[in-house]
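Asks:
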Amino acid sequence: DSGVTQTPKHLITATGQRVTLRCSPRSGDLSVYWYQQSLDQGLQFLIQYYNGEERAKGNILERFSAQQFPDLHSELNLSSLELGDSALYFCASSVGASGGSETQYFGPGTRLLVL
Amino acid sequence: ELKVEQNPLFLSMQEGKNYTIYCNYSTTSDRLYWYRQDPGKSLESLFVLLSNGAVKQEGRLMASLDTKARLSTLHITAAVHDLSATYFCAVDNNAGNMLTFGGGTRLMVKP
Numbered sequence: 024d025s026g027v028t029q030t031p032k033h034l035i036t037a038t039g040q041r042v043t044l045r046c047s048p049r050s051g052d053l054s055v056y057w058y059q060q061s062l063d064q065g066l067q068f069l070i071q072y073y074n075g076e077e078r079a080k081g082n083i084l085e086r087f088s089a090q091q092f093p094d095l096h097s098e099l100n101l102s103s104l105e106l107g108d109s110a111l112y113f114c115a116s117s118v119g120a121s122g123g124s125e126t127q128y129f130g131p132g133t134r135l136l137v138l
Numbered sequence: 002e003l004k005v006e007q008n009p010l011f012l013s014m015q016e017g018k019n020y021t022i023y024c025n026y027s028t029t030s031d032r033l034y035w036y037r038q039d040p041g042k043s044l045e046s047l048f049v050l051l052s053n054g055a056v057k058q059e060g061r062l063m064a065s066l067d068t069k070a071r072l073s074t075l076h077i078t079a080a081v082h083d084l085s086a087t088y089f090c091a092v093d094n095n096a097g098n099m100l101t102f103g104g105g106t107r108l109m110v111k112p
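Going line by line, the protein sequences match chains A and B.
Just so it is clear: in the first sequence, position 69 is 92 by the numbering used here, and no numbers are missing.
Just so it is clear: in the second sequence, position 30 is 31 by the numbering used here, and no numbers are missing.
This is the structure in structure tokens:
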């Protein structure tokens, strides 16, 4: 158990809908990262937040957005869902914002199925 | 754009044998990470390699990093069934906030 929690574990929804995925980082970690894992794209970095502010952006679609709240939990919002958004979404956390030897610790993931 | 390639993508081996997984990356970076993922599970951190020539060992796994060759290896010694999993290498962007993952190596160790 990495100490990173994600809810829900599974989510089934329809095309065009909007969902919110939630992540709580390990105690003491200020950075939260979101990744998408799919069969065709592999593991892709989406976005990073550090202490409430966006720090890095990867291959995140405009239909997706994220935020980190004062209590450091983070939410990933996915809207206008398409079949291709079906994937496993991981949240990871680390202590700092960048650099150093920090390991990113991954949560259990949310499996999203868009029908 | 940073690209990370692993090979092989799939590896079936007998218990007791040795093998090496290779991870090549396309741009300069001196930080490389190895993760393990069991089916349907999350990613577990195995090794963090932070400099050229870094070598780390844990049990039957040993990882090394050659930043000049842009190559990391994960060597498996005397494989056992419990090592069956998918192994990912990941390289960061030197700002430490974005990991680019390889495609993964699915390892199956047969009794």
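For each residue, glycine too, the CB sits at the ideal point set by N, CA and C.
In the DSSP assignment, the beta strand (DSSP E) including B/VAL110 goes from what residue to what residue?
Replies: Per DSSP, B/VAL110 belongs to the beta strand (DSSP E) from 106 to 111.
Asks: DSSP state of A/GLY130, grouped into three classes?
Replies: If DSSP states are grouped into helix, strand and coil, A/GLY130 belongs with coil.
Asks: What residues of chain B sit near A/PRO131, judged by a beta carbon separation below 8 Å?
Replies: Here the neighbours are LYS42, SER43.
Asks: Does the Cβ of B/LEU62 have 16 or more other Cβ atoms within 10 Å, making it buried, or fewer, making it exposed?
Replies: By the 10 Å Cβ count, B/LEU62 comes out buried.
Asks: Bridge partners for A/SER54 per DSSP, in chain order?
Replies: Beta-bridge pairing links A/SER54 to A/TYR73, A/SER117.
Asks: What's the call for A/LEU106, buried or exposed, on a 16-neighbour Cβ count within 10 Å?
Replies: Its Cβ having fewer than 16 others within 10 Å, A/LEU106 is exposed.
Asks: Classify A/HIS96 as helix, strand or coil using the three-state DSSP reduction.
Replies: In the structure shown, A/HIS96 sits in coil (DSSP, three-state: anything other than H, G, I, E or B).
Asks: To the nearest angstrom, how far is it from the Cα of B/THR53 to the Cα of B/LYS69?
Replies: The identity of residue 53 of chain B in the sequence shown is Asn, whereas the question assumes Thr. So the alpha carbons of these two residues sit roughly 7 Å apart.
Asks: Excluding the 5 residues flanking A/LEU34 on each side, which residues of the same chain have their C-beta closer than 8 Å to its C-beta?
Replies: If we look at A/LEU34 and ignore the five residues flanking it on each side, its Cβ neighbours are VAL42, LEU44, THR133, ARG134, LEU135, LEU136.
Asks: Of all the options A/TYR112, A/GLU125, A/GLN91, A/ASP108, which has the alpha carbon lying nearest to the alpha carbon of A/PHE68?
Replies: Of the listed residues, the one whose Cα sits closest to A/PHE68 is A/TYR112.
Asks: Write down the C-beta distance between A/PRO115 and A/PHE129 rounded to the nearest angstrom, noting that I regard them as a contact closer than 8 Å.
Replies: Residue 115 of chain A is actually Ala in this sequence, not Pro. The pair is a contact, with the Cβ atoms about 5 Å apart (cut-off 8 Å).
Asks: CB of A/ASP24 to nearest heavy atom of the ligand GTP: below 8 Å?
Replies: In the structure shown, the ligand GTP is absent, as is every other ligand, since no ligand is present at all.
Asks: What residue ranges within the region 53 to 94 of chain B form continuous beta strand (DSSP E) runs of no fewer than 3 residues, ordered along the chain?
Replies: You should have 56 to 59, 62 to 67, 72 to 77, 86 to 93.
Asks: Using the DSSP secondary-structure output, state which residues sit across from B/MET14 in a beta bridge.
Replies: For B/MET14, which the question treats as bridged, DSSP gives the partners B/VAL110.
Asks: For the region 96 to 110 of chain B, enumerate the residues whose C-beta is nearer than 9 Å to any C-beta of chain A, in chain order.
Replies: Within the region 96 to 110 of chain B, the residues whose Cβ lies closer than 9 Å to some Cβ of chain A are ALA96, GLY97, ASN98, MET99, LEU100, THR101, PHE102, GLY103, GLY104, GLY105, listed in chain order.
Asks: Is there a Cβ from chain B that is less than 9 Å from the Cβ of A/GLY51?
Replies: Closer than 9 Å: no.
Asks: Does A/VAL55 pass the burial test, meaning 16 or more other C-beta atoms within 10 Å, or should it be called exposed?
Replies: By the 10 Å Cβ count, A/VAL55 comes out buried.
Asks: Please tell me whether A/SER25 has its Cβ less than 9 Å away from any Cβ of chain B.
Replies: Yes, because at least one Cβ of chain B sits closer than 9 Å to the Cβ of A/SER25.
Asks: If you draw a straight line from the C-alpha of B/ASN94 to the C-alpha of A/LEU99, how long is it?
Replies: Whole-angstrom Cα-Cα distance: 23 Å.
Asks: Please decide whether B/VAL49 counts as near chain A, where near means a Cβ-Cβ distance under 9 Å.
Replies: Cβ-Cβ to chain A under 9 Å: yes for B/VAL49.
Asks: Would you identify the three-state DSSP class for B/GLY41, choosing helix, strand or coil?
Replies: Coil, per DSSP.
Asks: How big is the Cα-Cα spacing for A/LEU101 and A/ILE83?
Replies: If I take the Cα positions, the gap works out to 10 Å.
Asks: Just checking: is the beta-carbon of A/THR126 within a distance shorter than 9 Å of some beta-carbon in chain B?
Replies: Yes, because at least one Cβ of chain B sits closer than 9 Å to the Cβ of A/THR126.
Asks: Determine the direct distance from the alpha carbon of A/GLY26 to that of A/VAL118, and round the result to whole angstroms.
Replies: Computed Cα separation, rounded: 13 Å.
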